[in-house]
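In what follows, a structure is listed as structure tokens, so that the remarks can point back to it.
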Amino acid sequence: MKVTEEILPAIRKAGSCTTPHDAGVLSLAQQNALRQIISQRSVNADIWSNFNDHFEIGSYIELPAERFVDAVSFLAALPTNETLAGTRYQYPRAMLDQPHFVAPDAGKACLSLSMLSDLAQFESPLMSLLNQLRSDGHDISAPLDEAVAMRAAMQQTDKVLDEIRLIALTAKSGRLG
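Numbering (our numbering), first residue to last: 31 to 207.
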């Protein structure tokens, strides 16, 4: 057994024991080199997933050492942060200047649940930005799901408020009960 025959005697003799590097797997230096190359590449949430799929491994640390040069070539082919044109997203405040949204006197945004939840009445800059980011290849599933859930909650709240208004009007006119 390796523990009792090799490791324990080495610890007793030297006070510590280093295990020999398995030449079949990437060394820590090689792993760090891959991480460094990734850090210089464009922001891409799927880069490690694509890397692992390409090399048919579960994690980059499982990459056989003999494939290290292939891995470097694969990663080097990806665009760097400096080579990207840098998409600029333009969503100025003026996009909120829609009917029934901006108070004419103060210029501050006024929220109307019925208007915000009505897709035909209000073009949401938030949803436009999220859709543009998604079409540009960004994984925005979490904020998109949040925005969709908020819109659904606003629609439900608007329905409840309409029912409360109707009950209040009915009570005021004396027809309740």
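Built from N, CA and C at the ideal position, the CB exists for glycine as well.
Can you tell me which of the three DSSP states residue i falls into?
i: residue 118; result: coil
i: residue 174; result: helix
i: residue 200; result: helix
i: residue 191; result: helix
Quick one: using the 10 Å Cβ neighbour count with 16 as the cut-off for buried, is residue i buried or exposed?
i: residue 56; result: buried
i: residue 147; result: buried
i: residue 107; result: exposed
If I measure Cβ to Cβ from residue i and keep anything under 7 Å in the same chain, skipping five residues before and after, which residues do I get?
i: residue 54; result: 94, 95
i: residue 98; result: 56, 60
Could you give the first and the last residue of the continuous alpha helix (DSSP H) run that contains residue i?
i: residue 65; result: 58 to 69
i: residue 99; result: 98 to 106
i: residue 155; result: 155 to 165
i: residue 145; result: 143 to 146
i: residue 84; result: 77 to 85
Near residue i, which residues of its chain fall below 6 Å by C-beta distance, leaving aside the five closest residues on each side in sequence?
i: residue 174; result: 160
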